[in-house]
Amino acid sequence: MPRRSFNQGNYYHVYNRGTNRSPIFFSSENYLYCLRLIKKYALQYQIAFIAYCLMPNHYHFLLRQDGHFPISKFINVLFNGYVQAVNHQKNRSGTLFEGR
Numbered sequence: 121m122p123r124r125s126f127n128q129g130n131y132y133h134v135y136n137r138g139t140n141r142s143p144i145f146f147s148s149e150n151y152l153y154c155l156r157l158i159k160k161y162a163l164q165y166q167i168a169f170i171a172y173c174l175m176p177n178h179y180h181f182l183l184r185q186d187g188h189f190p191i192s193k194f195i196n197v198l199f200n201g202y203v204q205a206v207n208h209q210k211n212r213s214g215t216l217f218e219g220r
């Protein structure tokens, strides 16, 4: 399946879940850390958060791409940072998320 093209000014519903529907958030600190990363990278990549929902084993974002950076780049940077931190904290390796 070809990668999706993202366009400035468009809105996107972005979601994913944990591998085998496993948790991706293990504590309230994980939620807060993810929100801090969102704030940091959304500003850097010019992504407007319209709405979001973080649940133990999945998430939903409603986003608007305000700049020229594709939303896929933002999601990649956001969750690479999040997964590295969780893997370090939980002394684990590998991915937390299902593939596209």
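To get our numbering, take the position in the sequence shown, counting from 1, and add 120.
All C-beta atoms in this analysis are idealised placements derived from N, C-alpha and C, irrespective of residue type, glycine included.
Here the structure is a predicted model, which is why all the values come from computation and not from measurement.
Could you give the DSSP three-state label for alanine 157: helix, strand or coil?
Here residue 157 is leucine; the residue named in the question, alanine, does not match the sequence. Leucine 157: helix per DSSP, three-state reduction.
Can you list the alpha helix (DSSP H) stretches of 4 or more residues lying completely in the region 143 to 187, in chain order?
Entirely contained in the region 143 to 187, the alpha helix (DSSP H) runs reaching 4 residues are, in chain order, 148 to 164.
Considering only their Cβ atoms, is the gap separating arginine 137 from asparagine 200 smaller than 7 Å?
No, the pair does not count as a contact, with Cβ atoms beyond the cut-off.
Where does cysteine 173 land, buried or exposed, given buried means 16+ other C-beta within 10 angstroms?
Cysteine 173 should be labelled exposed.
Closer than 8 Å by C-beta to serine 213: which residues in its own chain qualify, once you throw out the five before and the five after it? Chain order, please.
Cβ within range, chain order: Asn207.
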